[in-house]
Structures are given as C-alpha cells and as structure tokens.
Ligand SMILES: [Fe+2]
C-alpha cells in the first residue's frame, strides 16, 4: 500500500502504519496501536474508498478517525471474538454475510432513521442494524472467441451440469464468491446449493480472486467465469489488459446469478463514540458520500436515493436481481457447505 502524505496528515502516521502492517492478514490484536479517543473503523471495504471517506469526514466534522483493515470474514470474526470490548465503533464490509454474522451475535446498534432514509429501501436489511453503503452485481464474464452467445448459460445454476465441466472459473475462496453462494442458498435451499457446489468441485476451476478469474477468461484458459461487475469495468476504463477479449452477461430474471451484494455499514452497540459513529454512517450514505463513491472510479453501485451511479454501468434497477433480505444471508452455513463439498 502506498502511503500518501495527504492521508497521513489526516489520519495520523501511527494509525496508518498500523493499518499497513495488519491489512487483510486476519491477525489483528484487540486494541493494539489504537487510540481510544478516536473514532475507530474496522473496514473490509476497499482501502482507497474507505480512506477517501474518512478523510472527507474528518475535513467536514473535525472528528479524528483511525482505520483497521482486513477481509470480511477476519474482521467480522474479530468483532464477534472481541464482543462488547471491541474497540470498533464502525464496521464496513464488502459483502453482507460478514455483517449478518456480527448482527446475529447481537453486537450492532440500530441505524439512525435519517440515515436509513438516505438509502433506497432495497439496500436496507429488515433488521435495520446496518445499512447498504455500496452494491455490486454478480456477472458471468465470457470470451466470445471461446464460446458463442447462444451457448451461454441462462442461469448460474446451469454451471453444475457436467457439460460445463472444465469450462468455468470462480474465486471460491473469497468473500465475494461466498456471498454469491449465500444468495444461492437463500433462494434455492440447502440441497440444491449442495448439488451446485458439487458441480463446482467436480467441474469448476478455482482461481485466487475475481481479477484472476477475469484474466483466465481473457486469456482463453476458460470460456466463462463468475465474478463481480466492478473489476471488469475498472479494467475497461484503464488498459483493458485483463478484459479486452471478454464481455459480460447479466443473468437477469431474479436468477441467483443476478444477485446484487450489499457492502454494509454498521455502528457497534458497544461504541463509546456512538454519536460520531452514526454521523460517519450518515456521511457515507449522504449525497456527498455516495457521489464520492460514484465518481471515484471504484465502479461499485451507489445506493443513495438521490445519487446516480457511474454512467458506464448497467443501471442497477435493470438487473432484475433476486429479492433477498440481506440480513438473512447465512455466511457460516455457506462455509459449512463449501467445506463439506471439499472446496474450502
Ligand atoms: Fe472487491
């Protein structure tokens, strides 16, 4: 991670160095290097977006922020382990399952009504204990020189068929893909999900992350892959080096493969800075915070009611995503089923 002087000045050198040391490794020690007087964010969101939000929030409010980074599952499990003693005031995720894990442990406060009103109702879980801060769509990336449009699957569920064996890729170890599996579980039930996972184990090719899936499809190593939309749009906006030979298919018609995953924001019930933590969530979901997301080049969807997403994207309301209550997505069950299937 590059240390930028601008952000160092805003967030404090010590906290940022702490961030660099522990980013994504899941080995964070409770309270270490954290200043109890500062608003503490545990973030599994992309670092540049979280930092930009924190920087602007500090500028606008004068409230000091420190950020600890990790993956969805490492941060979610860390908060559950720390329980009411967690130094976290705010939790930001990339996907919903890590948030529901913390929610189900009874550790989240209710989000302020005014903040909830800033976000479209599709992006608020029924629990109202957290809120969508960004959204990302599941897509099928394919290489038209390796497969014709007529041969493409019409549902993500088709991929378990032996005829797809060796022909599709997925980043099965990551939180993004596991969120997609949680949508399959929610819409299809356990038996069908287990059957689909067996198809993945038998016939899918496993890659390290979304970008590796995209690059493998781009290079013609596999004709199709499952990923989130924004990695493709970012590459298209830059060099197209990893996506120039590929196109995207959106499954539509409420298919589990049309799942739109919410990145979440929450305030911890145990927060000693609860008012400032609620303020931070209000900022992130405000027209200003959402506009920052929409214009940042992140290519994730904005979820604020009055903010348009990046115009390069397929409109969110045209995707025909399945109707899912994100506070019901079951991360631990997904891990159990994927482990049983021999994938994890
Ligand atoms: Fe990501």
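Numbering (the numbering used here), first residue to last: 676 to 1019. Positions of the beta carbon are idealized from the N, C-alpha and C atoms, including for glycine. On a predicted model such as this, the values are computed, not experimentally measured, just so you know.
Original post:
For the alpha helix (DSSP H) that contains residue 955, what are its first and last residues?
Top reply: As a working mapping, residue 955 is identified with position 280 in the chain shown. Unbroken alpha helix (DSSP H) run through residue 955: 949-959.
**OP:** Rounded to whole angstroms, what's the CA-CA distance from residue 838 to residue 876? Just pull it up for me.
**Re:** Position 163 of the chain shown, counting from 1, holds the residue named residue 838. Position 201 of the chain shown, counting from 1, holds the residue named residue 876. If you take the alpha carbons of residue 838 and residue 876, they lie about 14 Å apart.
Original post:
Which same chain residues, not among the five before or five after residue 862, have their C-beta less than 6 Å away from its C-beta?
Top reply: Walking along the chain shown from the start, residue 862 turns up at place 187. Same-chain partners within the cutoff: 931 and 997.
**OP:** Whole angstroms is fine: what's the gap from residue 810's alpha carbon to residue 708's?
**Re:** The residue labelled residue 810 in the question sits at position 135 within the chain shown. The residue labelled residue 708 in the question sits at position 33 within the chain shown. Rounded to the nearest angstrom, the two C-alpha atoms are 31 Å apart.
Original post:
Quick one: is residue 658 buried, meaning 16 or more other Cβ sit within 10 Å of its Cβ, or exposed?
Top reply: Residue 658 lies beyond the stretch modelled for the chain, which goes from 676 to 1019, so this question has no answer here.
**OP:** May I ask you to check if the CB of residue 904 is nearer than 7 Å to at least one heavy atom of ligand 1?
**Re:** Within the chain shown, the letter at position 229 stands for residue 904. Checking the Cβ of residue 904 against ligand 1 gives no.
**OP:** Using only the heavy atoms of ligand 1, determine whether one of them is closer than 7 Å to the beta carbon of residue 833.
**Re:** Counted from its first residue, the chain shown places residue 833 at position 158. Every heavy atom of ligand 1 is 7 Å or more from the Cβ of residue 833, so no.
Original post:
Using the C-alpha atoms, what's the distance from residue 919 back to residue 781?
Top reply: Locating residue 781 in the chain shown gives position 106, where the first residue counts as 1. Locating residue 919 in the chain shown gives position 244, where the first residue counts as 1. Cα to Cα, the separation comes out at about 46 Å.
Subject >> Cross-strand partners of residue 811 (DSSP beta bridge) >> reply: Here residue 811 corresponds to residue number 136 of the chain shown, with the count starting at 1. 936.
Subject >> Start and end residues, alpha helix (DSSP H) containing residue 776 >> reply: Here residue 776 refers to the residue found at position 101 when the chain shown is read from its first residue. Element bounds for residue 776: 771-779.
Original post:
Is the beta carbon of residue 901 less than 8 Å from the beta carbon of residue 934?
Top reply: Along the chain shown, one-based indexing puts residue 901 at 226. Along the chain shown, one-based indexing puts residue 934 at 259. No, they are not a contact pair.
**OP:** State yes or no: is the C-beta of residue 720 nearer than 7 Å to some heavy atom of ligand 2?
**Re:** Among the ligands in the structure shown, ligand 2 does not appear; only ligand 1 can be found there.
Original post:
By DSSP, does residue 766 sit in helix, in strand, or in coil?
Top reply: As a working note, residue 766 is residue 91 in the chain shown. Three-state result, residue 766: strand.
**OP:** Quick one: residues in its chain with C-beta nearer than 8 Å to the C-beta of residue 833, no 5 flanking neighbours on either side, listed in chain order?
**Re:** Locating residue 833 in the chain shown gives position 158, where the first residue counts as 1. Excluding sequence neighbours, residue 833 sits near 839.
Original post:
Alpha carbon to alpha carbon, how far is residue 699 from residue 939?
Top reply: Walking along the chain shown from the start, residue 699 turns up at place 24. Walking along the chain shown from the start, residue 939 turns up at place 264. Legend: pLDDT at residue 699 = 38, less than 50; position of this residue unreliable, value from coordinates given subsequently. Going by the C-alpha atoms only, they are around 18 Å apart.
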